[in-house]
Structure formats: C-alpha cells, structure tokens
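*Asks:*
Numbering (our numbering), first residue to last: -4 to 511.
#1: Expressed to the nearest angstrom, what Euclidean distance is found between the alpha-carbon atoms of residue 260 and residue 307?
#2: For residue 290, which three-state DSSP category applies?
#3: Tell me which residues share the same chain as residue 317 and place their Cβ nearer than 6 Å to its Cβ, disregarding the 5 neighbours each side in the sequence.
#4: Can you name, in chain order, every residue of its own chain whose Cβ lies under 7 Å from the Cβ of residue 133, other than the five neighbours on each side?
#5: Count the other CB atoms within 10 Å of the CB of residue 431; is the residue buried (16 or more) or exposed (fewer)?
#6: Strictly by DSSP, which residues pair up with residue 161?
#7: From the DSSP output, in three-state form, read off residue 56 for me.
#8: Looking at the unbroken alpha helix (DSSP H) that takes in residue 110, where does it start and where does it end?
#9: How many Å lie between residue 170 and residue 227 at the Cα?
#10: Along the chain, where does the beta strand (DSSP E) that runs through residue 5 open and close?
#11: Mapping DSSP to helix, strand and coil, what is residue 176?
#12: Considering Cα atoms alone, identify which of 325, 320 and 319 is closest to residue 313.
#13: Starting from residue 482, trace the alpha helix (DSSP H) both ways and give me its first and last residue.
#14: Within 10 angstroms of the Cβ of residue 543, are there 16 or more other Cβ atoms? Answer buried if so, exposed if not.
#15: Could you check what DSSP says for residue 330 in three-state terms: helix, strand or coil?
#16: Whole angstroms are fine: how far does the CA of residue 126 sit from the CA of residue 120?
#17: Between residue 67 and residue 33, what straight-line distance do the alpha-carbon atoms span, to the nearest angstrom?
#18: Taking only runs of the alpha helix (DSSP H) that begin and end inside the stretch 405 to 461, which ones reach a length of at least 4 residues, in chain order?
#19: So, is residue 512 buried or exposed, given that buried needs 16 or more other C-beta atoms within 10 angstroms?
#20: Are the Cβ atoms of residue 175 and residue 328 separated by less than 8 Å?
#21: In its own chain, which residues sit with a C-beta less than 8 Å from the C-beta of residue 339, not counting the 5 before and 5 after it?
#22: Evaluate residue 104 with the Cβ neighbour count: other Cβ atoms within 10 Å of its Cβ, from every protein chain shown; 16 or more gives buried, anything less gives exposed.
#23: Beta strand (DSSP E) containing residue 217: first to last residue?
#24: I need the straight-line Cα distance from residue 117 to residue 107, nearest angstrom please.
#25: Between which two residues does the beta strand (DSSP E) containing residue 35 stretch?
#26: What residue from 421, 466 and 488 has the CA that sits closest to residue 505's CA?
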C-alpha cells in the first residue's frame, strides 16, 4: 500500500447544507491529496433516502467549487469508478452482504420493531449497561442464527422484512493506528451487531463506506471525530471481507466547538450568535428558513479556507496568512490537534480583513460599484477608487466600504454631541470660519497634500495649532469625531462641498449645543 498513489475521498450526505466541520474535512482531504500528488474523489452517500433533501447535492458541489477545492472524480466530473452516488450502486453492496452471510460473518435478522422494543425494555429492566444487539442478545432474537434453515428460507421466499446484521466475533481485540490519535484499541465485546443492509435493500453507511473505499482504491480516510467510535467496526469489516492488508489509513479530525469552547458547534449557536457556519446561504426547501452563508455575508473564499484550515491545525510557525498553495505545502497530520477547535467568528473577520487589505484597489472598485448603485448613489470611477483607497484598511468586508462612506454623499445634519460640547468653542469657531473663507478663495490643486498645506497655512496665520482643531474640523465635515484620513476625505468631497459643510456646521452646531 505504501507504493500506492494517495487517493482520498470526501463523502458527504445530501441531507442539507454543508457544515463548517464538513468543509474543513473536505479541505484537509484536498490539502493532503495535493501535497502527495494524489487524487481527491467526491462521493455522495445518499443511502438514507428518508433524509435526502432536494438541492443539497448541488449545494455541496457549488460550495467546494467556491472554496477552490478541486475534485478529480465525482458525480459531475465522472471517473473510472462511477457511479459516485451510493444510491446508484445498490446492487454492488448486496453481493458483499451475501458473501458475509455465506461465510458466517453476517446473518439475516427478521425482528420486528415490537420485538426489538421488548428486548430493549428487558435489558433496561435488568440494568444492563449497554443495551445492544450483540453476541449474547442475538441468540434470543428472530434471526438466521436462531431459526432453522428451512424457516429462514421460507421467510425469505415469502418476502418477510429483514435486515442483514454483522456477526461480531467475541473476544477479539480491534486495533488501528490513527494518524492523529495514535493507536486505538477496542475489544469486540464493546461493538454491537450493526445493520449492514436495511429492509429496503439499501446498505447502511458502514457497509457502503467500506465497499466503496475498497473498490475506489482509497488510501486514506480523513473524517470527523464523530466517526471514531465506528472505526473499529470498519476495521472488522475490512478483516471479514478479506481486505485488511489494503485497508486505508485513518485520520479522525477534532471537533469544531462553540465560540465559548463548551460543546460541539451547531446551527443553533450560529443563529443565536448571528454568524454563518455554512459556506453558502441555504434556504430550507420545506420550512423556507434561511441560514447564513460565508459567501453571502461577504467573506472571500480564500479567507474562509484560510480560517477553516487553522481550526485544529497550525504550521508550527507564527504564520497565519496562507495561500492555498502554502496550505498544501505546509499541511501535515502531525500538526493536527486532538482537542476540539473553538469557532471564533472574530478571527474569521480578521482573516477577511487581511485579504481585503491586499486586494487591488481596481478589483475592489469593481466589487463596490454595484453596491453603490443599489443604494442609489451616483459615483464615477475616480470617486469609487478614492473611497476604496480611503477605507480598505479600516473595514472587514467589501460592503463595509459602502456603509462606512455614506457620510461622503450626505452632509451631516446632526453632530456627535459629546465632541460638540467639548470642542465647539470660540477658538473652534474662529478656525472653522477662517478655513471656510480660505477654501472659498482657494484656486489651486485640490488633493490631500495641497489641502493639508492650506489648512496648516491658514491656521498658522491665525496662531492656532492644527492639533487643537482637527477633531472639530472632522466633526464639521462628517458629523463625528473619528474616522479615516481627513485630508483624503476633503479631497473626495471637493472644495465646494467642503466649504458648504463648514458653513452648515457654523450655522447648526451652536443651536444643537444650546438644545442639548
């Protein structure tokens, strides 16, 4: 197996939107496959038809594509191991279930729901620690181990409902070496006789998963920690089917935890916190409920991938910003943590901010234009570029550039009261009045550099220090006491608008202060 090319698979169920934990699983599979020069498969595990949700498969494909996770084989791309939907592979699984029955490693179980319920209640009354269908309880139930062969055949011939259960052999140690957790050892007495084939003829996850991984040549199974309890059963299935020597290596990833670190991250946590945990927005086809998506909330795919990659893994350095190529080059299972990773949406925002800062102004300008148009704000290309330059280092999302720039397109009618009371004094009035006259008379080039010189020269002539009136100048122009570069703001506003806003402040501020 060591000489085999690496082949991994991401195998989601189409039961709804793709959770952040699932996205991270897909991402780690992709990083490892690309680093090793291997291939990544997408397999849709839709054997449970009762939980199938229309649109979920397309959502999965779109989400992976948005994040830049490339699929080498799958439902859309095809490949030598098609079909890649388990519901289309139904006949394949039956032959392996029958093989296990013929070899005495599985059996038919005809128990009704009522009979199973009676068993559970009997075991609970006897205070049995683990209520399960196992090597002891199976000998008291209706199955091909307890019924005469002719009775079993009669039931099969007349179409009685049955499931196929795995016959777990007692007194066996099941062990495997997890790439993240090291050696895992479980005694077979702790494993129950899991159903392999359901009454509708569809396989359970356990059978379909092992058969498909074997037939598709999967070398590494990289999946979430929630599958760790099932891993010993899967190791036994490889052994019973005679495939133990080619069994893939396992790597069970740590859980994603709530923002406070207390328990597994859920959709409810996201709803309560007002943040996304899905890559794309999802509308439930039944209820119509809408769940937020990273894409629609304004996160870049690159920053989202970067954020998710560092939930449970680090490169062992101080580096935090990674391109996809750098993630591929740096990834290793040795640096994946065993403990759960806290989902910190503030960190996701920080990542997005870093990527936004590095985005070219011309690219951001094109992304911002339609947002201005949707607000009914008419701006030319030069103004958009200026606004982007002014705000790109101060915001988290592209949409924030528009929200934070609205003051540029509407003169303030009210002013920050705290700043006004503290700063609007006789010296401030003198300074603002003098600047208003200076701007009215100025005929030179109106850019940030020249504006700064004009302000300095005007205030110096009045023996007023710039530092004493800059906040009140900002207040007069924007209505607030803090914000981005003031000289750049004035350049964007233009000389005439600056003059009019200073006049407006002189007229309105005294009245606002008196009414306070």
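A virtual CB, placed ideally from N, CA and C, is assigned to each residue, including glycine.
*Replies:* Result, derived from the coordinates:
#1: 14 Å
#2: In the three-state reduction of the DSSP assignment, residue 290 falls in the coil class, being assigned neither a helical nor a strand state.
#3: 301
#4: So the qualifying residues of the chain are 140 and 188.
#5: buried
#6: 101
#7: Of the three classes helix, strand and coil, the one that applies to residue 56 here is helix, per DSSP.
#8: 108 to 120
#9: 7 Å
#10: 2 to 5
#11: coil
#12: 325
#13: Element bounds for residue 482: 481 to 488.
#14: Outside the shown range of the chain (-4 to 511) lies residue 543, about which nothing can therefore be said.
#15: helix
#16: Whole-angstrom Cα-Cα distance: 10 Å.
#17: 9 Å
#18: Within the stretch 405 to 461, the complete alpha helix (DSSP H) runs of at least 4 residues are 412 to 418, 421 to 436 and 443 to 456.
#19: The requested residue 512 does not occur in the structure, where the chain is confined to residues -4 to 511.
#20: yes
#21: If we look at residue 339 and ignore the five residues flanking it on each side, its Cβ neighbours are 254.
#22: buried
#23: Taken as a continuous stretch (DSSP letters only), the beta strand (DSSP E) holding residue 217 covers 215 to 219.
#24: 15 Å
#25: 34 to 37
#26: Minimum Cα distance to residue 505 is reached at 421.
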